[in-house]
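In order, the protein sequence lines correspond to chains Z and B.
496 is the number that our numbering gives the last residue of the first sequence; the numbers go up by one with no jumps.
1496 is the number that our numbering gives the last residue of the second sequence; the numbers go up by one with no jumps.
Report on one structure; see the data block that follows.
Number of protein chains: 2
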Amino acid sequence: MPKAETPLDFHPDPALAEPLYQQLGNALRNAIRQGRLRVGERLPSERDYAAQLGLSRTTVTAAYQELKDQGLLRGYVGRGVIVMASDTDQAQAGAVPWPQLGARLTRHAPPAGPRRASGDIPLSDGWLSPELVPRAALAASAARAASAVANVGSAAPPQGLPALRAALATSLTEQGTRVAPDELLITGGAQQGLNVLARALLGPGDVALVESPCWHGAFRAFRAAGADVVGVPMDHEGMDPDALEDALVRVRPKLLYLIPTLQCPTGRVMGLERRRRVLQLCERFRTPIVESHVYGDLVFGASPPSLKKLDPAGLVIQQGSASKSISPALRLGWLAAPREALSLLVAAKASLDLSTPALTQAVLADFLASGGHQRHLARLRGELEGRRDLLVRALSRHCPSLRFALPAGGPYLWAAVPAGLSGQEVEAAAALEGVSVRGGEAFLPEQGASGHIRLCYASPDAGQLAEAADRLGRALRRLRSQPPASGDAGAALAWV
Amino acid sequence: MPKAETPLDFHPDPALAEPLYQQLGNALRNAIRQGRLRVGERLPSERDYAAQLGLSRTTVTAAYQELKDQGLLRGYVGRGVIVMASDTDQAQAGAVPWPQLGARLTRHAPPAGPRRASGDIPLSDGWLSPELVPRAALAASAARAASAVANVGSAAPPQGLPALRAALATSLTEQGTRVAPDELLITGGAQQGLNVLARALLGPGDVALVESPCWHGAFRAFRAAGADVVGVPMDHEGMDPDALEDALVRVRPKLLYLIPTLQCPTGRVMGLERRRRVLQLCERFRTPIVESHVYGDLVFGASPPSLKKLDPAGLVIQQGSASKSISPALRLGWLAAPREALSLLVAAKASLDLSTPALTQAVLADFLASGGHQRHLARLRGELEGRRDLLVRALSRHCPSLRFALPAGGPYLWAAVPAGLSGQEVEAAAALEGVSVRGGEAFLPEQGASGHIRLCYASPDAGQLAEAADRLGRALRRLRSQPPASGDAGAALAWV
């Protein structure tokens, strides 16, 4: 507990009519009222304080007693005299300083997203626009799920509704990844899955490796568990395996998180040989791999096998999600994990929210069992590919200064902005022109500037993509003809 | 990085035919294969190691080089020589040691619950049994919610569906607590609300005050955020305010969590004067209060006003839940917080799972708006009171050695077990007789034995309560006539 400094400045004046103990009492009272002495602070012992001020001990005792009688101080055996504050101070204290209490949270928050106005075209989100969602089929599944009273009457088990785990196991196994229902944990979207993993496997002093750049919800979840996060550089094919080996040696991570297929935010796909190399390295170091496969169904052409499918040693926990390929409204994801890891993951899930709603799980189970899933995915890939082509043509016309690789699938296009500009500057300028994009800074696990922006062509209406590129082009031209903006779009705490 | 100790024990023998560098290489290889030198470990520099062993530097260099050629070691500029392991080790290493990786999680876990067999009568859970849930009304609400495609097509905002926040604000305000829709955050049950609060307001080095005993999901969530948890003793009326004042001075908590109305696990209700005193103390110390009000609608008689209603200074964040009074299947709770705290709480919620499903929120909004809520609560209170009376009569007959106060509402009865027995012992013995109860140890924020058990009369069928008491009585008689059991019912990681 910090020693009080201010009251030690008190200079007694024996020439005054006021007794010395009252002079001291008033000085202490003022220090408390003015906040120089805070509630809970400890004062010097009577003996020490008397010696420091050159006063008798009875003078200090009398001053303390007066303030104790007023409720300003209180003595505790063995802990000395503590400031308790007075009724007037109580009235002044008033509200709790909430923003200061949350300083730790906001320090780890990603940069605020662009402030949205109505009429803005959203290229910054990662959500599917409603017309890409099989809404009619899901509404039919929801109507069937609603008719079973158990789905509104009984909590699902923490591991997830057996019917959904069975349907997912069948679906995953049909696609070549053998998973049993008891190797699956249902989560509230992939984001909750990241928090489950963090709570199960990470703690203060641990290190998690991630791609740099990567999904900010991942490093946010890992840091919330007290872990440090170290970014591993990427090239055109994803995480650099030499840099990974170096990091495995150097930081001894407790887990590696990566998105080998259609990485967020870059859209890159890791080739087969590199996947094998990553597995070998992590096997040698016995480092668990969290493979996010949430975009795995969205590759336009042929897709390399997932790490989970290639994993001979039971290293890989694979994350899946309904949000990116079926519907973001269901808030359903899952972890496919080695059986020995399941009880840990279920305990972590239970400590987060006990269980996931039965109703939404029953809706997805019904949708998967009703047989339209693969048809829907084929249609969705076609729609996304068409949107990609629309956006690419429009960017070539309106934003010739952007450089990017053609996305091989998924919802994202990752573009390098012209030299001398930062992603955040472009984000801010675009917001002023009525189009929201995400500066690459949001995805950096370490602080720093980014020369990229992420554009999501899945979230707006397809008909808005050309106009979005036109607005973005205006923002880029304006930036190149003007001195750099402050980079602050005045945004509040935001997410996605 | 720890220095390797084992290979320094190597004693070279010049009399052997094997060259010294090979002797040293073999010793290191064995140390690696046997796990005495672990992957990632750093070896001494060639110069230092030569000096320690009394060998020439070229001997050490040659030994290191041989192991480098075999892939067992690797040199890093500026970081020395690191153990990398070999192909044989890779094969041996195999799976990840998941249980060890999760040691931190399980250390903070509450004691495992009783192992359940089919036919057991569940008095250990806190869930409502299905017949206490207004299933027909909820199924009708679910059918209406399912017919709106937005509820299966678009993610709800992180703060919650506006329709649900509006319905809750109306409901809370009608019951006398003025809350606006923008002062509400929807959470995945009250348990997720605890994790939201922990992430927003707590971090390593912080302290949270709780009642002792209290709901273990609370101290688990607070510890997962890195905070320390300190329990404040209770008496028949809940948290002891003198002990609270002492703790506020002593540990300077970042928040106080309590359940003033029908506390879990004790069922106690704090009186009006004590509520005012708690508020005054926390106001003086500017300590935020998290008031769990999840049992607030379940008081059989008159109920004192909530802390939130009495709060003049904006200190109180109130937690509510649909799980204890409407349905546990919806997994819906909420936080009613001062407006200045909302953006922090929403950011923490988003980092946990982005948002809560739209569908379940729409179901609850429809149920609240359809007008049957107060009728349902009146019926539920009547049912619970009838079950309480059934259980109390049966306990008086079959378990005369238990001592308890008559619960004034809610689902729990908190009973003192006979002197000399612990709650965990009774839990284990009861499981053998086919009835699950919860030993009080699960609810202690500090380690220690408990002389209590918690019985939940809401979770089994009403018709099973007499039989449950009969089985519990057999368990108690058996314990008193036998030497103490080990207390280990062989349970796995469990929750609730």
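Idealized CB from N, CA, C, for every residue including glycine.
Small disclaimer: the values here were computed from a predicted structure and weren't measured.
- Let me know the secondary structure DSSP gives C456(Z) once reduced to three states. Reduced to three states, the DSSP call for C456(Z) is strand.
- Item | Assigned secondary structure, T106(Z) (DSSP; H/G/I helix, E/B strand, else coil) | helix
- Secondary structure of A1093(B), DSSP reduced to three states: Unreliable positioning characterises A1093(B) in this predicted model, as indicated by a pLDDT of 43, which lies under 50. The coordinate reading is nonetheless provided below. A1093(B): helix per DSSP, three-state reduction.
- Alpha-carbon spacing of A485(Z) relative to L123(Z), whole angstroms: In this predicted model, A485(Z) has a pLDDT of only 45, less than 50, meaning its place in the structure is not dependable; the value taken from the coordinates is given anyway. Their Cα atoms are separated by approximately 21 Å.
- Message: Please report the straight-line C-alpha distance between G1040(B) and F285(Z), rounded to a whole angstrom.
- Response: 8 Å
- Establish whether the CB of P1328(B) and some CB of chain Z are separated by less than 8 Å. With 8 Å as the cut-off, P1328(B) counts as an interface residue toward chain Z.
- Query: Can you find a CB in chain Z that lies within less than 8 Å of the CB of T1356(B)?
  - Reply: yes
- Query: Which residues in the same chain have their Cβ closer than 6 Å to the Cβ of A449(Z), if we skip the five residues on either side of it in sequence?
  - Reply: S422
- Quick one: what does DSSP say A180(Z) is sitting in, helix, strand or coil? The three-state reading of DSSP puts A180(Z) in coil, since its state is none of H, G, I, E or B.
- Query: What is the DSSP secondary structure of P1288(B), reduced to helix, strand or coil?
  - Reply: coil
- The alpha helix (DSSP H) with R1074(B) in it runs from where to where? Here R1074(B) belongs to no alpha helix (DSSP H); instead the beta strand (DSSP E) covers 1073-1076.
- Query: Do we get a CB-CB distance below 8 Å when we pair G1490(B) with the residues of chain Z?
  - Reply: Its pLDDT being 34, under 50, G1490(B) is placed unreliably in this model, and the value from its coordinates should be taken loosely. No, its Cβ sits nowhere closer than 8 Å to a Cβ of chain Z.
- Item | V229(Z) classed as buried or exposed, judged by whether at least 16 other C-beta atoms fall within 10 angstroms | buried
- Query: If you drop the 5 nearest sequence neighbours on each side, which residues of the same chain put their C-beta closer than 6 Å to that of H11(Z)?
  - Reply: none
- Message: Taking the alpha-carbon of L194(Z) as reference, which of I289(Z), A468(Z), P328(Z), P411(Z) has the nearest alpha-carbon?
- Response: I289(Z)
- Assign P1014(B) to one of three DSSP states: helix, strand, or coil. coil
- Message: Against chain B, does W215(Z) count as a neighbour if the rule is that its beta carbon must be under 8 Å from one of theirs?
- Response: no
- Under the three-state reduction of DSSP, which class applies to T1049(B): helix, strand or coil? Here residue 1049(B) is Tyr; the residue named in the question, Thr, does not match the sequence. Correct three-state label for Y1049(B): helix.
- Query: Is the beta carbon of S351(Z) sitting closer than 8 Å to the one on G189(Z)?
  - Reply: no
- Residue-chain proximity (Q1191(B), chain Z), Cβ-Cβ < 8 Å: yes
- Item | 6 Å CB neighbourhood of P19(Z) in its chain, flanking five on each side removed | none
- Message: Whole angstroms are fine: how far does the CA of L55(Z) sit from the CA of Y76(Z)?
- Response: 23 Å
- Could you check the C-alpha separation between L1395(B) and V346(Z) for me, to the nearest Å? 35 Å
- Query: What residue ranges within the region 1240-1307 of chain B form continuous beta strand (DSSP E) runs of no fewer than 3 residues, ordered along the chain?
  - Reply: 1255-1258, 1289-1292
- Buried or exposed: where does S370(Z) fall if 16 or more other Cβ atoms within 10 Å of its Cβ makes it buried? exposed
- Measure from the C-beta of L359(Z) to each C-beta in chain B and report whether the shortest distance is under 8 Å. Yes, contact with chain B.
- Residues near V437(Z) by beta carbon distance below 8 Å, same chain, minus five either side: P114, L123, S124, V426, E427, A430, I453, R454, L455, L472
- Task: Would you please verify whether the beta carbon of Y1076(B) is less than 8 Å from any beta carbon of chain Z?
- Result: Yes, its Cβ sits closer than 8 Å to a Cβ of chain Z.
- Message: Taking the straight line between their C-alpha atoms, what separation do you get for S325(Z) and S1343(B)?
- Response: Cα to Cα, the separation comes out at about 30 Å.
- Proximity test, Cβ basis, 8 Å: I82(Z) and chain B: yes
- Query: If G1203(B) and R104(Z) are in contact, beta carbons under 8 Å, what's the gap, nearest whole angstrom?
  - Reply: 4 Å
- Message: Against chain Z, does L1201(B) count as a neighbour if the rule is that its beta carbon must be under 8 Å from one of theirs?
- Response: yes
- Is the shortest distance between the beta-carbon of L1384(B) and the beta-carbons of chain Z less than 8 Å? no
- Residue span of the alpha helix (DSSP H) that contains W98(Z), given as start and end: Boundaries of the alpha helix (DSSP H) harbouring W98(Z): 98-101, taken from the DSSP string.
- Message: Within a Cβ cutoff of 6 Å, which residues of the same chain sit near L209(Z), ignoring the five residues on either side of it in sequence?
- Response: V230, V232, A247, P253, L256
- Message: For A1091(B), count the other beta carbons within 10 Å of its own beta carbon; 16 or more makes it buried, fewer makes it exposed. Which is it?
- Response: In this prediction, A1091(B) scores a pLDDT of 42, lower than 50, which makes its location untrustworthy; the coordinate-derived value is nonetheless stated afterwards. It counts as exposed.
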